[in-house]
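In what follows, a single structure is set out as structure tokens and then discussed.
There are 2 protein chains.
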Amino acid sequence: MAQGEFGATLSVTIDDVAEAAGVSIRTVSRVLNKAPNVGDETRKTVLETIARLGYSPSIRARALASGRSFLIAVVQDDPNAHVISALQRGIVETCSRHGYELVVHPVRFGDPEVAADVESFVRRSRVDGLIVLPPTSEIAAIPARLTQLGVPSVGIASVSLPEYPCMLVSDERGATFELGRRLVELGHRRIAMIEGPPHFRSAQQRKAGFLAALPGPMPDAYLQKGDYGFDSGLAAADALLSLNQPPTAIFACNDIMAAAVIKAARERGVDVPGQLSVAGFDGSDLAAMITPALTTIRRPLTEMARLATESLLAMIEDPKSASSHEPIALSLIQRQSMAAPGAV
Amino acid sequence: MAQGEFGATLSVTIDDVAEAAGVSIRTVSRVLNKAPNVGDETRKTVLETIARLGYSPSIRARALASGRSFLIAVVQDDPNAHVISALQRGIVETCSRHGYELVVHPVRFGDPEVAADVESFVRRSRVDGLIVLPPTSEIAAIPARLTQLGVPSVGIASVSLPEYPCMLVSDERGATFELGRRLVELGHRRIAMIEGPPHFRSAQQRKAGFLAALPGPMPDAYLQKGDYGFDSGLAAADALLSLNQPPTAIFACNDIMAAAVIKAARERGVDVPGQLSVAGFDGSDLAAMITPALTTIRRPLTEMARLATESLLAMIEDPKSASSHEPIALSLIQRQSMAAPGAV
DNA sequence: GCTAGCGCTGGCAACGCTGTCAAAGGCGCG
DNA sequence: CGCGCCTTTGACAGCGTTGCCAGCGCTAGC
């Protein structure tokens with residue numbers, strides 16, 4: 002019911018508009034959906050009436066009638082604020098450009114029920130599609146279920162999972178390989194590394210790429226475990242710097258642990274990069290803010306998110322449109338924390 | 002249509018369940034909504050049938066029929082990944098505990114159309130309620146419109162806006178006052194500050210609280226402009242440290258600028274905290290990762306977000322429930338970047 | 001013995017929109 | 001001049017739920 006010309010509320014419906022404009026609701030609907038077959042004059046009248054009454058269509062009703070919700074979801078764990086936020090920015094921006102809304106569905110990577118949880122979420126909320134963020138995107142059971150449900154999905158990860166109809170695969174392995182080679186070229190021979198959690202395939206990729214770039218196998222003592230947390234980075238750095246033959250370069254699998262290495266080095270009076278080169282991974286803001294500024298590997302996260310969203314929307318709009326697995330190149334950002342080995 | 006016992010798809014409806022269970026759809030609906038008036042036996046049968054068919058109710062249809070969407074929205078600008086992500090964590094967690102989903106609606110603080118944009122978003126998406134994050138929560142026109150639409154909203158900010166039916170007001174002014182007093186107690190007399198963007202009321206609060214704690218007025222040269230960005234912090238720090246009488250303490254209105262101060266000091270060979278004390282604001286992870294670790298003010302963001310969400314959901318479930326404006330106390334985290342002034 | 005009241009269940013309409021189909025009117029073409 | 005075709009418009013039937021009210025079979029109360 003329209004409540005008069007002013008103070009239009011949520012309760013103005015398409016019927017009110019149709020009545021006020023003297024046309025059928027179907028015609029109003031056509032105008033709303035920019036259907037081609039509407040007379041110019043009619044369209045104009047309807048548009049004016051809509052504006053006059055302050056009407057906005059109910060997405061809910063539209064969803065029920067059309068089978069499309071104009072909602073997409075992002076499935077994410079929350080290990081890293083920087084990554085999530087950069088990705089979300091790109092997704093949300095693309096969504097609103099296309100008239101979609103974004104719903105956030107958090108999950109726990111370690112939870113054995115993740116796939117079931119995501120499925121039940123999709124069934125209830127009836128979103129039109131999903132974007133699955135790392136590391137959750139490494140779980141093959143999720144895209145498998147989604148495909149079975151017929152819901153389009155896009156994964157963002159460092160490895161390609163055939164279960165996804167569409168993926169953005171960042172070449173983390175290639176990037177760490179390049180970083181490793183760079184260190185070797187600089188003259189480093191005692192090169193150490195702090196791993197990420199081994200159950201993340203991206204962590205495996207980073208490790209594999211880096212190790213492959215080195216001339217020989219890495220001594221066990223140089224290969225430290227880490228969990229992407231600051232404290233684990235501190236512990237690993239302490240262990241490395243306490244060795245009789247400490248490394249002249251340390252690659253930490255994310256920026257946070259790399260920052261910990263720099264802090265640990267500083268507290269022991271080890272000069273970075275004079276006595277120790279340090280590199281991280283993520284291209285986070287943090288890397289630029291610490292002293293010395295951290296060499297790191299940047300993923301074009303916002304850009305990737307935009308691409309992922311565009312692909313997803315294309316799949317939604319046209320289910321036949323074949324989408325592919327896109328490789329994404331990463332870039333090495335060289336800063337002050339890395340240099341040729343100095344006085345050993 | 003049910004497609005057999007296995008491979009149940011999205012298309013299982015309440016009708017299928019009703020038929021399979023031998024009851025009316027109305028009864029199935031009652032079971033779904035945990036209505037009290039259902040016989041134990043009937044409930045059991047229905048529940049079993051639901052499980053057997055793999056049925057999940059359509060939130061969309063429920064929304065249309067009941068006038069509730071079980072969707073709440075968070076309205077946010079994106080100035081600070083750390084803040085947004087901590088808040089989102091609390092919101093999303095509380096939502097899913099209560100069976101709601103979260104949709105993210107980004108806005109631009111500076112946009113003159115923000116309020117209209119939010120209104121149109123609410124009208125289209127028909128969310129049941131909104132949580133407005135800082136700094137967008139400082140714009141009074143937004144809650145004003147929402148109240149007019151009859152949509153519950155909760156604001157999280159550093160100042161109380163009467164337009165909001167419910168707010169969480171963090172006492173940033175009180176916290177910076179305490180910080181200022183602490184610096185004075187430590188013996189600092191030459192105290193400087195780097196402001197945030199003056200059009201943020203929270204920045205005004207932080208400034209006002211800090212200045213009020215000092216024994217005398219702050220010299221103009223000690224009061225530097227900043228925009229919460231790292232570079233602006235660097236510039237301000239450079240200006241301050243170039244003075245004939247450089248300050249012995251600098252309070253930067255956020256952690257990022259404080260990190261810049263520490264970096265600038267280091268590059269000039271100014272020892273922190275020996276020659277210069279530095280404090281920030283935000284309690285971000287960054288603060289703990291830099292060297293020296295940064296004294297900062299922590300808002301219990303995730304906790305606040307949880308509280309805000311609980312209040313919002315209470316208002317949604319029971320519109321009569323009176324919600325209030327809750328003051329939130331912040332805590333000063335003292336770390337190595339702050340000490341008594343040393344050799345001046 | 002009759003009615004009121006209770007616990008449980010079902011039928012019907014509605015929520016606000018779109019899909020489908022068909023009708024009305026105007027046009028070109030043979 | 002008549003036919004078919006195209007464009008514009010409308011009627012009707014859903015979409016999958018819930019709200020409302022009625023009705024069933026009982027028991028309790030007068």
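Chains as they are written, first to last, in this note's numbering: chain X, 2 to 345; chain E, 2 to 345.
For glycine and all other residues, C-beta sits at the position ideal for the given N, C-alpha and C.
Model, not experiment: these values are computed from the prediction.
For the pair residue 177/X and residue 310/X, the CB atoms are not nearer than the 8 Å cut-off.
By the CB criterion at 8 Å, residue 18/E and residue 54/E fall inside the cutoff.
Ranked by how close their Cα comes to the Cα of residue 225/X, the residues 192/X, 32/X and 216/X have 192/X in first place. The criterion of a C-beta distance shorter than 8 Å is satisfied by residue 160/X and residue 139/X. For residue 327/X, there is no enclosing alpha helix (DSSP H); the residue is found in the beta strand (DSSP E) stretching over 326 to 329. For residue 83/E, the chain X residues whose C-beta falls within less than 8 Å of its own C-beta are 82, listed in chain order. When 7 Å is used as the limit between beta carbons, residue 93/E is near these residues of chain X: 105 and 107, in chain order. Just measuring C-alpha positions, the residue of 265/X, 136/X, 105/X and 80/X sitting nearest residue 74/E is 105/X. Boundaries of the beta strand (DSSP E) around residue 158/E: 154 to 158. Using a Cβ-Cβ cut-off of 7 Å, residue 62/X is close to 65 of chain E, given in chain order. Around the Cβ of residue 300/X, a 10 Å sphere holds 16 or more other Cβ atoms; the residue is buried.
Residues of the region 287 to 315 of chain X that bring their beta carbon within less than 8 Å of a beta carbon in chain E comprise 287, 289, 290, 291 and 292, in sequence order. Taking a Cβ-Cβ cut-off of 8 Å, the neighbours of residue 264/X in chain E comprise 290, 291 and 292, given in sequence order.
A contact between stretches requires three or more CB pairs, one per stretch, nearer than 8 Å, and the region 24 to 36 of chain E fails this requirement with the region 327 to 338 of chain X. Remark: C-beta atoms of residue 194/E and residue 251/E approach each other more closely than 8 Å. Here residue 260/E is actually not in contact with residue 302/E; their C-beta atoms are around 19 Å apart, not less than 8 Å. Residue 318/E is positioned such that its CB atom lies no closer than 8 Å to that of residue 91/E.
For residue 276/E, no Cβ of chain X is located within less than 8 Å of the residue's own Cβ. About 7 Å separates the Cβ atoms of residue 339/E and residue 279/E, confirming a contact at the 8 Å cut-off.
Taking 8 Å as the CB threshold, residue 335/X stays off the interface with chain E. Across the region 36 to 65 of chain E, CB contacts with chain X closer than 8 Å involve 57, 58, 59, 60, 61, 62, 64 and 65, in sequence order along the chain. Taken through DSSP and simplified to helix, strand or coil, residue 211/E comes out as helix. The region 75 to 102 of chain X is shown to contain whole alpha helix (DSSP H) runs of 4 or more residues at 82 to 98, in chain order. When DSSP states are grouped into helix, strand and coil, residue 47/X belongs to the helix group. The beta carbon of residue 189/E is closer than 6 Å to those of 249, 250 and 342 in its chain, skipping five residues each way along the sequence. Contact between residue 143/E and residue 115/E holds, since their C-beta atoms are separated by about 7 Å, short of 8 Å. At a C-beta separation below 8 Å, residue 231/E has these neighbours in chain X: 286, 289 and 290.
For residue 138/X, there is no enclosing beta strand (DSSP E), as DSSP marks it with neither H nor E.
Taking CB atoms only, residue 102/E has a neighbour in chain X less than 8 Å away. Remark: C-beta atoms of residue 72/E and residue 128/E approach each other more closely than 8 Å. Secondary structure in the region 159 to 214 of chain E: the alpha helix (DSSP H) runs of 4 residues or longer, each lying completely within the stretch, are 173 to 187 and 202 to 214 in chain order. Residue 250/X sits in a strand when the DSSP states are folded into three classes. Of 34/E, 157/E, 200/E and 210/E, the smallest CA-CA separation from residue 100/E is found for 34/E. Around the CB of residue 81/X, 16 or more other CB atoms lie within 10 Å, so the residue is classed as buried. In this model, residue 39/E and residue 61/E are separated by some 24 Å (Cα to Cα). About 27 Å separates the CB atoms of residue 270/E and residue 334/E; that is not less than 8 Å, and the two are not in contact.
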